[in-house]
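Chains as they are written, first to last, in the numbering used here: chain A, 1070 to 1315; chain B, 1070 to 1315. Ideal Cβ positions, reconstructed from N, Cα and C, are used throughout, including at glycine. Take a look at the structure set out below.
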DNA sequence: ATATAAAAAATTATCGACAAAAATCGCACC
DNA sequence: GGTGCGATTTTTGTCGATAATTTTTTATAT
């Protein structure tokens, strides 16, 4: 029996704009947060009933999620949460390294006053969140938010809108895996040291050093999962073979 | 008065799969081929009537096109063809260089017998198309197809599915601009020489040389537009300010 | 003439119903 | 016990209508 995730009267308010957009965001959140599991079927009728909207609305929200590659559609057999796997994580990591580094290098080479100010702010907030997390005073959600803002700030100054857009896509994708690795005791202090080093190199306009550090940072994040037998198996063996979302 | 593009009973057959998919593909073709111009409004009702399908079908096809970034949606004011500009071309070119080179390097480093065979085939077909094009014997469409297949073949052997996926996205995006530059007399012979050089470096497993050549190849393709005053102006000044698709 | 506001028209977003296809079940048969 | 086949149920894809919103037009005052 598999209930507890999704289903009964989960009324989403957020009256921001169209219904489609509201549903889209809520579904995205649930997928990234792992409320809907990889490969889980996302049935129109079920979601429609839960959100109290029309089938078309759900359908369009799901179609939008396929852009983010969080949902996969197959003709005549509906939508499901995009699978996760060790292979995908390796692949994603490689792609992220290419994009994150390209974007950071560009950011540094075009460094401006405004950018550095923004970066300092993001770094300070991240530092606070990471210090609190060490002393068990803050939630993982808060840290994740600060982490995202910090990495966005690193990228923000790059010229190419396209590179930034693609980087964002991959970063979002990696959030699902980060969520996974948060379940094991990972060395917070090391992660913070990495962030500090990257920050300092960026502020010093040392593009070579900064990208090298970022490269390792992204790589090590994947290592947390790679080195943990339980997680590795959870990813490849049993991605909770629950087909229905009922 | 602006007719001649889109409108009267354009019945699309292609009975492959769902109606949404058929419409999606046809719209994509028309946007890339420039039948629908940048910034042109894509009205649901108009398209619905033209294709003889329901509004929902058109709507979903348009939503899918936003994944490809060929169509841009704005809340409560519908869909329009994504704009083109000189700035976007510069940006896109920079991003393409990063991805095309990363992918080619990976392809070469993992070189296999099968891949080389495929590459040779693609190169030979491209050579034939380019030779014919020089003597005015083949259509631009045929060349474009061969060019795409050749560049796909270069990328095909890379490990990272993500990098390949993103490369594909950008390549498709660049097709719109390539279409534009086909209107001016560009030096076909030079382009062919570039293709040959890249091909030879790839077959020789010289990743450094191959990526350097590919870098220049992508850059020069942008130059064709950059160096042509008429095209440059057409892009930024008057993207044919025809709002309605009526 | 020009600006402003109300009314009309056009367009998009949402709905619920129905048709088409896939998955599931029940039963004969090996 | 398993295996193929047809009927039933579930789920997806498509439709056309209506509500909500934006754009255009018309009317009115400055």
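| said: Just to confirm before moving on: does the CB-CB distance between residue 1259 of chain A and residue 1282 of chain A stay below 9 Å? | reply: Residue mapping note: residue 1259 of chain A aligns to position 190 of the first chain, counting from 1. Residue mapping note: residue 1282 of chain A aligns to position 213 of the first chain, counting from 1. Going by C-beta atoms, residue 1259 of chain A is not nearer than 9 Å to residue 1282 of chain A.
| said: For the pair the region 1147 to 1157 of chain A and the region 1100 to 1114 of chain A, tell me if three or more CB-CB distances fall below 8 Å. | reply: yes
| said: Is there a C-beta anywhere in chain A that falls below 9 Å from the one on residue 1163 of chain B? | reply: For the purposes of this step, residue 1163 of chain B is taken as residue 94 along the second chain, with counting starting at 1. Yes, its Cβ sits closer than 9 Å to a Cβ of chain A.
| said: By DSSP's criteria, residue 1293 of chain B is part of a beta bridge. Which residues make up the other side? | reply: One-based indexing of the second chain puts residue 1293 of chain B at position 224. In DSSP, residue 1293 of chain B forms no bridge with anything.
| said: Please classify residue 1233 of chain A as buried or exposed, where buried requires at least 16 neighbouring CB atoms within 10 angstroms. | reply: Sequence index remark: in the first chain, residue 1233 of chain A carries index 164 (1-based). It is buried - the Cβ of residue 1233 of chain A has at least 16 other Cβ atoms within 10 Å.
| said: Tell me which residues of the region 1282 to 1297 of chain A have at least one Cβ-Cβ distance to chain B shorter than 8 Å, keeping chain order. | reply: none
| message | For a contact defined as C-beta to C-beta under 9 Å, what are the partners of residue 1103 of chain A on chain B? | response | Taking the first chain and counting its residues from 1, the one referred to as residue 1103 of chain A is at position 34. Near residue 1103 of chain A there are no residues of chain B at all, since even the closest Cβ is about 20 Å away, more than 9 Å.
| query | Residue ranges of each beta strand (DSSP E) run of no fewer than 3 residues wholly in the region 1127 to 1167 of chain B, ordered along the chain? | reply | 1140 to 1142 and 1148 to 1150
| message | Which residue wins for smallest C-alpha separation from residue 1181 of chain A, given the options A:1290, A:1272 and A:1304? | response | As a first step, residue 1181 of chain A is located in the first chain; it is residue number 112 there, counting from the start. Here the closest residue by C-alpha is A:1272.
| request: Alpha carbon to alpha carbon, how far is residue 1209 of chain A from residue 1221 of chain A? Give it in angstroms, no decimals. | output: On the first chain, position 152 is the one that residue 1221 of chain A refers to. On the first chain, position 140 is the one that residue 1209 of chain A refers to. If I take the Cα positions, the gap works out to 18 Å.
| request: Inspect the beta-carbon positions of residue 1167 of chain A and residue 1189 of chain B and report whether they are closer than 9 Å. | output: The residue you call residue 1167 of chain A lines up with position 98 of the first chain. The residue you call residue 1189 of chain B lines up with position 120 of the second chain. Not closer than 9 Å, so no.
| task | Give a yes or no on whether the minimum CB-CB distance between residue 1111 of chain A and chain B is below 9 Å. | result | The sequence position of residue 1111 of chain A within the first chain is 42, counting from 1. It does not: the Cβ of residue 1111 of chain A has no partner Cβ on chain B nearer than 9 Å.
| field | Closest by C-alpha distance to residue 1215 of chain A, when choosing among A:1261, A:1154 and A:1093 | value | Within the first chain, the letter at position 146 stands for residue 1215 of chain A. Considering only alpha carbons, the answer is A:1261.
| request: Assuming residue 1098 of chain B and residue 1134 of chain B form a contact by the criterion Cβ under 8 Å, report the distance between their Cβ atoms to the nearest whole angstrom. | output: Taking the first residue of the second chain as position 1, residue 1098 of chain B is located at position 29. Taking the first residue of the second chain as position 1, residue 1134 of chain B is located at position 65. Incorrect: roughly 11 Å between the Cβ atoms, too far for contact.
| task | Determine which residues share a DSSP beta bridge with residue 1111 of chain A and list them. | result | On the first chain, position 42 is the one that residue 1111 of chain A refers to. Residue 1111 of chain A is bridged to A:1148.
| request: Taking the CB atoms as reference points, tell me whether residue 1213 of chain A and residue 1247 of chain A lie closer together than 9 Å. | output: Your numbering for residue 1213 of chain A matches position 144 in the first chain. Your numbering for residue 1247 of chain A matches position 178 in the first chain. Against a cut-off of 9 Å, the Cβ pair of residue 1247 of chain A and residue 1213 of chain A comes out as a contact.
| query | Three-state secondary structure (DSSP) at residue 1125 of chain B? | reply | Here residue 1125 of chain B refers to the residue found at position 56 of the second chain. In the structure shown, residue 1125 of chain B sits in a helix (DSSP, three-state: H, G or I).
| said: For a cutoff of 9 Å on Cβ pairs, would you count residue 1071 of chain B as touching chain A? | reply: Translated into the one-based positions of the second chain, residue 1071 of chain B becomes position 2. Only weak support is given to the placement of residue 1071 of chain B: the predicted model assigns it a pLDDT of 37, under 50, and the value that follows is read from those uncertain coordinates. With 9 Å as the cut-off, residue 1071 of chain B does not count as an interface residue toward chain A.
| What is the DSSP secondary structure of residue 1201 of chain A, reduced to helix, strand or coil? | As a position in the first chain, residue 1201 of chain A is number 132, starting the count at 1. Three-state DSSP puts residue 1201 of chain A in a helix.
| query | What did DSSP end up calling residue 1086 of chain A once you bin it into helix, strand or coil? | reply | Taking the first residue of the first chain as 1, we reach residue 1086 of chain A at position 17. Coil at residue 1086 of chain A, not helix or strand.
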